[in-house]
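See below for the structure under consideration.
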Amino acid sequence: MVGVSVAFWLCLLAVAPLVSASEVVTCSGIVPMKNRADVVSIVEFGGVGDGRTLNTVAFRKAIERIEKIKSRGGTQLYIPSGVWLTGCFNLTSHMTLFLAKDAVIRATQDTGSWPLIDPLPSYGRGRELPGGRYMSFIHGDGLQDVIITGENGTIDGQGGVWWDMWRQRTLQFTRPNLIELMHSTDIIISNVVFRDSPFWNIHPVYCSNVVIRNVTVLAPHDSPNTDGIDPDSSVNVCIEDSFIATGDDMVAVKSGWDEYGIAYGRPSYGITIRRLTGSSPFAGIAIGSEASGGVLNVFAENISLFNMGVGIHVKTNIGRGGIIKNITVRDVHMDTVRKGIKIAGDVGGHPDDKFDPTALPVVDSITVKNVVGVKVLQPGLLKGLKDLPFTRICLTGINMGNAGSGRSGSTWQCEDVTGAAYEVNPSPCTELITTHDTDFCSVRS
Ligand SMILES: *[C@@H]1O[C@H](CO)[C@@H](O)[C@H](O)[C@H]1NC(C)=O
Ligand SMILES: *[C@@H]1O[C@H](CO)[C@@H](O)[C@H](O)[C@H]1NC(C)=O
Ligand SMILES: *[C@@H]1O[C@H](CO)[C@@H](O)[C@H](O)[C@H]1NC(C)=O
Ligand SMILES: *[C@@H]1O[C@H](CO)[C@@H](O)[C@H](O)[C@H]1NC(C)=O
Ligand SMILES: *[C@@H]1O[C@H](CO)[C@@H](O)[C@H](O)[C@H]1NC(C)=O
């Protein structure tokens, strides 16, 4: 008896690690977190955190010092609690921007002093207006090993003045992102709140190895174009454990715009999005609409959405070109949503009239599985291109049973798509149940 009992307990011990509830699936290991021995405070550079003093020179001096000293292991720039008003500034490599509890880095509302930078080559012009664009509030180009973290401090864009200019049509150039990193690698953004961005919040473009986790991104529901996180022509991006409630797409994976994006040819791939919660009048998980360099291998799971426009939105257009392929979104909960799933080839405008109308986007192998939707007005709209239908759309385990409660437009709407559907309620359109070779779509795994 004793022997059996010991064997039993040994057995339990042996399997325990395999079933441990604390084993959290994560992709954040792609960039190891590091502590930096060398620490400087913004105060040492004349910074005053009273919410009125302009600290632009202090930030620029501090970062210049970090760049010059090149301390082994990099340097942490410590921002104590307080409100640190500043103009925009550039980061440098091998630095940590650390926001203590109740530290707020607040953007000046003096929009007249905002510098302009070149348009992104993959966009050919500013995203909303021709020509250059305003530099992002916190900016970086060609960097490596940059960490922005802390104790839930805030980066506040004070975007209201910019939203008003947009509404009054007095903007001269494209509004600034809150943070943009270009051509950079080994980036961590964690434990920080982003608030009231003038335009998109977090924009990694031409980057690789980027971890964004445990962040909060907030902007009013009616604030224009305040996308949460937009990985753009970037590779190996991990977005986890975050809350995003803004005025536009929560996460939108992009890769350039029409003829400029096609010519630049930089895809986004290896994008993981996990344990994301939030709300937006537009999309929760979006691909596009600027996807001209291609968007491949995107995996999103454990997504919880409420008060949404569209839950999952793959969007592109004629003239975009590019390949959108191997996109999986699974384990999604949606509550109060206009459209559950939208995959469409007629979304978004063009940069100019030089786009190539024969540049048709390829959309192939899009899988959406395990979705529970309550109060979903329409379960889905799948609309491919007449000259290039979208292929291998796979829907499994989807229950938006009470969708629309009998109103017109409350059923699936499909056109120029092929694919398969299993265990989908309400029952999917015939385009998805008449495909013969359905190996690409299985209920399991
Ligand atoms: C920031 O870096 C950009 C290049 O990425 C440069 O054009 C600009 O002058 C820099 N701005 C400041 C304020 O240092
Ligand atoms: C998330 O960030 C908060 C502060 O913003 C911190 O207290 C918490 O430990 C962080 N969680 C993880 C898993 O890093
Ligand atoms: C961080 O601040 C945000 C915004 O105030 C808040 O919603 C969130 O709960 C805070 N996170 C932690 C871990 O305190
Ligand atoms: C599809 O994407 C996943 C990541 O989501 C990746 O692991 C897998 O290898 C990709 N499949 C193909 C055929 O490229
Ligand atoms: C997803 O969420 C479910 C339910 O909250 C949880 O049991 C599961 O562990 C989560 N999976 C991941 C990969 O986070």
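What the sequence shown shows, in mature numbering (1 follows the signal peptide of the UniProt record, and there is no 0), is residues -21 to -1, 1 to 424, in sequence order. Glycine included, every Cβ here is placed at the ideal spot set by N, Cα and C.
- Under the three-state reduction of DSSP output, Val10 falls in the coil class, being neither helix nor strand.
- Contact annotation, Leu64 with Arg85: C-beta distance approximately 5 Å; criterion of less than 8 Å satisfied.
- Bounds of the alpha helix (DSSP H) holding Glu238 are 237 to 243.
- Using a Cβ distance threshold of 9 Å, Asp314 and Lys348 do not count as a contacting pair.
- At least one heavy atom of ligand 2 is found less than 8 Å from the C-beta of Gly129.
- Taking 9 Å as the cut-off, the beta carbon of Val125 is found closer than this to the beta carbon of Ile167.
- Contact check for Gly398 against Leu339 fails: the beta carbons are separated by 9 Å or more.
- Note that the segment 201 to 217 does not touch the segment 31 to 47; fewer than 3 beta-carbon pairs, one per stretch, sit closer than 8 Å.
- Judged by beta-carbon spacing, Pro183 lies within the 9 Å limit of Pro210, meaning their Cβ atoms are closer than that value.
- The C-alpha of Arg51 is placed about 35 Å away from the C-alpha of Ser101.
- A distance below 9 Å separates the beta carbons of Gly263 and Ile291.
- Under DSSP, no beta-bridge partner is assigned to His415.
- In this structure the segment 187 to 203 touches the segment 1 to 13; the number of beta carbon pairs closer than 8 Å is three or more.
- It is roughly 26 Å from the alpha-carbon of Gly301 to the alpha-carbon of Trp391.
- When distances are taken from the beta-carbon of His329 to the heavy atoms of ligand 1, even the shortest one reaches 8 Å or more.
- When the beta-carbon positions are compared, Val308 and Asn286 stay at least 9 Å from each other.
- Residue state for Ser92 is assigned as helix, using DSSP reduced to three classes.
- The continuous beta strand (DSSP E) containing Thr346 extends over residues 341 to 362.
- Just so you know, the alpha carbons of Phe68 and Phe116 end up roughly 6 Å apart.
- Taking C-beta atoms as the reference points, Ala198 and Ala231 fail to come closer than 9 Å.
- By the neighbour-count definition (other C-beta atoms within 10 Å, threshold 16), Thr128 is a buried residue.
- Taking Gly121 as the centre and dropping the five residues before and after it, the same chain places the C-beta of His162 closer than 6 Å to its C-beta, in chain order.
- Taking 8 Å as the cut-off, the C-beta of Asp206 does not count as close to any heavy atom of ligand 5.
- Ligand 1 never approaches Met313 closely enough for any of its heavy atoms to be under 8 Å from the residue's Cβ.
- Contact between the segment 95 to 110 and the segment 132 to 144 is absent: fewer than three C-beta pairs spanning the two stretches fall below 8 Å.
- Residue environment analysis places Pro336 among the exposed positions, since fewer than 16 neighbouring C-beta atoms fall within 10 angstroms of its C-beta.
- For the set Ser212, Glu269, Thr409, Leu284, the Cα lying nearest the Cα of Gly249 is the one of Ser212.
- Within the model, the alpha-carbon separation for Val396 versus Gly376 is close to 19 Å.
- Distance from the C-beta of Val19 to the nearest heavy atom of ligand 5 is not below 8 Å.
- DSSP places Lys321 inside the beta strand (DSSP E), whose first and last residues are 302 to 323.
- His118 has its Cβ nearer than 8 Å to a heavy atom of ligand 1.
- Burial is judged here by how many other beta carbons sit within 10 angstroms of a residue's own beta carbon; Gly25 has fewer than 16 and is exposed.
- Under DSSP, Asp120 forms a beta bridge with Met161.
- Going by DSSP, Arg31 is part of the beta strand (DSSP E) stretching over 29 to 33.
- DSSP places Trp63 within a strand segment (E or B) once states are collapsed to three.
- In chain order, Thr153 place their CB closer than 6 Å to the CB of Arg106, counting only its own chain and leaving out the 5 sequence neighbours on each side.
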